[in-house]
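Novice: Structure below; questions to follow.
Residue numbers (the numbering used here), protein chains in the order written: chain L, 76 to 581; chain U, 76 to 581.
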């Protein structure tokens, strides 16, 4: 019922700020997640010195409480499901019942599952990450960092509560990520609810999990706990609303078939816990009673206490607005950067790392005086992000999986771009051989010049299919060109030929 | 010991040529495999009439005796191996011993495996294929087709032995594929050896399979029968010689670890069968005694008896030389086409189908008088193949799998193109999460303008990773551009970021 892991892990006093050999660095980075680590590596490679400050575990949200443990947990069901769909392998899994139809519900081994997840989460210790950073010459400090002036960062030791001030010669980088928005719902605060951190670090399978919110996190956790045997109720306004509508519809059908109770178009009015049970009251006056409630309703910038207001950089909790080099717009002289979730551009690890590579190149170029308008104008320069609104890829590990990149027709419409779509079933030797009875769906979005600007794939094991579309979008490729790109037979990638052929007649 | 299936299936007299309603078609296509079927569909779509002639089973080699059954057979081991590499799933396979180390040798269920393969091979019947062709308006005839004059095809009924002559108003297309080259080895003829057809249609696992030839087919069959429990000896001059050298080396190590006896740099001098055993004598004076011998030493054009010499199109058994529209170079007036394996350009189903789409467009354009030099000059026109020597992709379903596209450095060198390579281990969260202990290797080949011209991936489940590289090659993309293409986290596609980062420092 209670959280398995504390919300904030206060790190043992292994690298207190008071132990730092220097009080001046070329670059000071607050936040040791993927964005911070990648920025640090980039500036070090450029010959600068760097200090990386982390208030919890070096590595950040992703490896301990987000993408990595969630995928470690979801993977076992994926492989058992696929094995169940391949003759010759299926018969080796005959310990499984087929009571849930075809393919049978995967029955994973829970001890094996927790063990794998704990291994990927490094048992929630960051020695490995710290070692990696120090091995390339990054200094590290455990403590709470805040911007305390121009090019100045104060780091509070969690144990002594004292602040140590350090100076950045070239840049301060805010890479503190995002944090859960807990909605203001009557009774929620006292209901011992689960956060996404609890859901991915759990060692228990709730009898009845109620999931509030059906973005990627909510949908993945509903998938996981359904597969692990929980009764699951998923409550949200809509399901995967950032994707094209067909995605939400497919996942809703799949959830329903798997026994997940999907309640859309509803809001929670109040919550009350009574011992082991929790009651969730809904806007249609109905009530759901479960044993655990997961809040996965959205995120905000993790900037509380960082005193960014003092330099007029941003309001507490609001996304920090940046330019295409990740430089904070509201601060003059270009010394403050915001990289990753905290700038609100796209809350994904791979985009955080992309932005961090960009910021690293920009900071190094500025420090050398080579970051001028000519550099910025150079088309593929590494210190400026491309108009990646058009090419951001995302994978969601529901069952079936979802992978998408670029723009949806709705997003394009908002930008005044006229589009047409090409949609096909993933039906061909490559998918049939992959798994008997395979079903999948794919869609391309093209602009009026027949350039590819978006793509979506829904089906088992599709997450690696999207990268060819992302590549084509960045390359500015047209349908004419794509027609000549031939995937090897027999593979799932054949869907690209199916799309090309369908585009001819659409 | 004997072949499970006859080498030539003489089809029941379901569609004899004498029953044809017409003796004149716009297009007559000899060979009903992927190349012939796809050409037929293309010309029908363009408003022409088409006759498709097949001497064995409509569908051709691929669905009955090649790619499809071989992958149906190989897939079960793949999924069991991966399930064994994922905690939570592995424990569900505890019926498996781990005597072979980590991951344990997959133990597939043979009955389930044969059943799946038979389903994919449609029990070696072609009703499904014939129905598909007829449903889109293609006329079909079972019989042996040969070119008997300008725009003339004679079709011999296998049963009556009588020939029926048909005329093509616009084009004759030879799409008869390729056939095994049986080497001249003393004693081989009388040794009741296996062809690749036998290997993929077998219902027995030989005690000791000797495989002669280590191209894609030989390597895949060695993989399969090793996994099914045969002792396997693989004899060849070299292993996967068309790939970059690292591939052959990796697969050799993997074979050796799995217990396959790999003998390279050797030739077979003679063969002798003695009852259930077969003795293979080698050029180093050694001898291997097994229970079955698979000949997988190469292929030639399947044109025997097609009287192509009579119109000076090609020599019997030699590849038919074509231009980039698949039009036969040696024949004037452009009415004869050769599509697929038979032209020797690249012996792969997906390339056969690509060529067939090209030929279909070219034939339709010519019939409309719109196929002139202007059409051909238009850069991405669908009636002319792109310089696909640079972008042909291939997947090989060994363990680990191999996927490659474009040029190797050696091929580029022959073309006078200066290259450099970028090589990386596939090591990152995406691969670790895919399977515990995952190992993989990837390489990019770039030209002196930093354009991508080749790529290779070796590792489990890599066959869908190559398409993004093929896309980039066709799009003429540079490393600068590729740096900005971000794969979703955590997926195997992250290897693209690893390659981009390595390219910066190479």
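Ideal placement from N, C-alpha and C gives every residue a C-beta, glycine not left out. Because the structure is a prediction, the values reported are computed rather than measured.
(1) Check whether the Cβ atoms of residue 481 of chain U and residue 530 of chain U sit closer than 8 Å, and answer yes or no.
(2) Can you list the beta strand (DSSP E) stretches of 3 or more residues lying completely in the region 371-438 of chain L, in chain order?
(3) With a cut-off of 8 Å, does the C-beta of residue 199 of chain L fall near any C-beta of chain U?
(4) Measure how close the beta-carbons of residue 474 of chain L and residue 298 of chain L come, nearest whole angstrom, since I'm counting them as under 8 Å.
(5) Just verifying my parser: in three-state terms, what is the DSSP assignment at residue 360 of chain U?
(6) Nearest chain U C-beta to residue 162 of chain L closer than 8 Å, yes or no?
(7) Once DSSP output is grouped into helix, strand and coil, what is the label at residue 272 of chain U?
(8) Check whether chain L comes within 8 Å of residue 174 of chain U, counting only Cβ atoms and requiring the distance to be less than that.
(9) Between the C-alpha atoms of residue 119 of chain L and residue 90 of chain L, what's the straight-line distance to the nearest angstrom?
(10) Near residue 189 of chain U, what residues of its chain come up, given a Cβ to Cβ distance below 7 Å and the 5 sequence neighbours on each side ignored?
(11) Based on the DSSP secondary-structure assignment, which residues constitute the bridge partners of residue 469 of chain U?
(12) Give me the DSSP bridge partner(s) of residue 100 of chain U.
(13) Going by the CB atoms, is the gap between residue 570 of chain L and residue 517 of chain L shorter than 8 Å?
(14) Between the C-alpha atoms of residue 255 of chain U and residue 291 of chain L, what's the straight-line distance to the nearest angstrom?
(15) Using a cut-off of 7 Å between C-beta atoms, extract the partners of residue 165 of chain U located in chain L.
(16) Please work out which residues of its chain come closer than 8 Å, Cβ to Cβ, to residue 313 of chain L, disregarding the five sequence neighbours upstream and downstream, and give them in chain order.
(17) Pull out every residue of the region 309-334 of chain L whose Cβ sits closer than 7 Å to any Cβ of chain U, in chain order.
(18) Verify whether the separation of the beta carbon atoms of residue 191 of chain U and residue 380 of chain U is less than 8 Å.
(19) For a contact defined as C-beta to C-beta under 9 Å, what are the partners of residue 266 of chain L on chain U?
(20) Would you call the region 121-129 of chain L and the region 128-147 of chain U in contact, with 3 or more CB pairs under 8 Å?
(21) Would you list the one or two residues that DSSP bridges to residue 210 of chain U?
(22) Can you say whether residue 453 of chain U is buried or exposed, counting buried as having 16 or more other CB atoms within 10 angstroms of its CB?
(23) Run through DSSP, which three-state label would residue 441 of chain U get?
(24) Measure from the alpha carbon of residue 100 of chain U to the alpha carbon of each residue in U:560, U:246 and U:580, then state which is nearest.
(25) Would you grab the beta carbon distance between residue 70 of chain L and residue 431 of chain L for me? Rounded to a whole angstrom, and I think it's under 8 Å.
(26) Kindly say whether residue 486 of chain L, judged by its beta-carbon, lies nearer than 8 Å to any beta-carbon of chain U.
(27) Could you name the residues of chain L that residue 396 of chain U contacts, counting a contact when the two beta carbons are closer than 9 Å?
(28) For residue 422 of chain L and chain U, any beta-carbon pair shorter than 8 Å?
(29) Closest Cβ-Cβ distance between residue 525 of chain U and chain B: below 8 Å?
(30) If we count the other Cβ atoms within 10 Å of its Cβ and call it buried at 16 or more, is residue 96 of chain U buried or exposed?
(31) Classify residue 113 of chain U as helix, strand or coil using the three-state DSSP reduction.
(32) When burial is assigned at 16 or more other CB atoms within 10 Å of the CB, is residue 316 of chain U buried or exposed?
(33) Is there a C-beta anywhere in chain U that falls below 8 Å from the one on residue 550 of chain L?
(34) How many angstroms separate the CA atom of residue 583 of chain U from the CA atom of residue 405 of chain U?
(35) Kindly give me the distance between the Cβ atoms of residue 251 of chain U and residue 433 of chain U, rounded to whole angstroms, as I take these residues to be in contact under 8 Å.
(36) Can you give, in chain order, each stretch of the beta strand (DSSP E) that sits fully within the region 251-320 of chain L and has at least 3 residues?
Specialist: Once the coordinates are examined:
(1) Cβ atoms of residue 481 of chain U and residue 530 of chain U: closer than 8 Å.
(2) DSSP runs (the beta strand (DSSP E)) wholly in the region 371-438 of chain L: 374-376 and 411-413.
(3) Chain U, which has no Cβ nearer than 8 Å to the Cβ of residue 199 of chain L, makes this no.
(4) Rounded, the Cβ-Cβ distance is 5 Å, consistent with contact.
(5) Residue state, collapsed to three classes: coil.
(6) Answer yes: the Cβ-Cβ gap between residue 162 of chain L and chain U drops below 8 Å somewhere.
(7) Under the three-state reduction of DSSP output, residue 272 of chain U falls in the helix class.
(8) Residue confidence for residue 174 of chain U is low, a pLDDT of 38 falling below 50, so the modelled location carries little weight and cannot support an answer.
(9) Whole-angstrom Cα-Cα distance: 20 Å.
(10) Counting only Cβ-Cβ distances below 7 Å, and skipping sequence neighbours, we find 278.
(11) According to DSSP, residue 469 of chain U bridges with U:479.
(12) Residue 100 of chain U is bridged to U:243.
(13) By the CB criterion at 8 Å, residue 517 of chain L and residue 570 of chain L fall inside the cutoff.
(14) Going by the C-alpha atoms only, they are around 51 Å apart.
(15) In chain order: 187.
(16) Cβ within range, chain order: 289, 323, 339 and 340.
(17) Cβ contacts with chain U come from no residue of the region 309-334 of chain L.
(18) No, they are not a contact pair.
(19) Within chain U, no C-beta atom comes less than 9 Å from the C-beta of residue 266 of chain L; the nearest is roughly 30 Å away.
(20) Flag = no, the region 121-129 of chain L and the region 128-147 of chain U do not touch.
(21) For residue 210 of chain U, DSSP assigns no beta-bridge partner whatsoever.
(22) Residue 453 of chain U sits exposed, since fewer than 16 C-beta atoms from the chains shown fall within 10 Å of its C-beta.
(23) DSSP places residue 441 of chain U in helix when its eight states are reduced to three.
(24) Answer by Cα proximity: U:246.
(25) Residue 70 of chain L lies beyond the range of chain L shown here (76 to 581); nothing can be said about it.
(26) Not one beta carbon of chain U lies nearer than 8 Å to the beta carbon of residue 486 of chain L.
(27) Near residue 396 of chain U there are no residues of chain L at all, since even the closest Cβ is about 21 Å away, more than 9 Å.
(28) No, no contact with chain U.
(29) Protein chains L and U are contained in the structure displayed, whereas chain B is not.
(30) Classification for residue 96 of chain U: exposed.
(31) Under the three-state reduction of DSSP, residue 113 of chain U is assigned to helix.
(32) In the assembly as shown, residue 316 of chain U is an exposed residue. Its beta-carbon has fewer than 16 other beta-carbons within 10 Å.
(33) So, interface residue.
(34) Missing from the structure shown is residue 583 of chain U; chain U here goes from 76 to 581 and no further.
(35) That pair is no contact at about 18 Å.
(36) Those beta strand (DSSP E) runs which fall completely within the region 251-320 of chain L and span 3+ residues are 253-255, 283-287 and 306-311.
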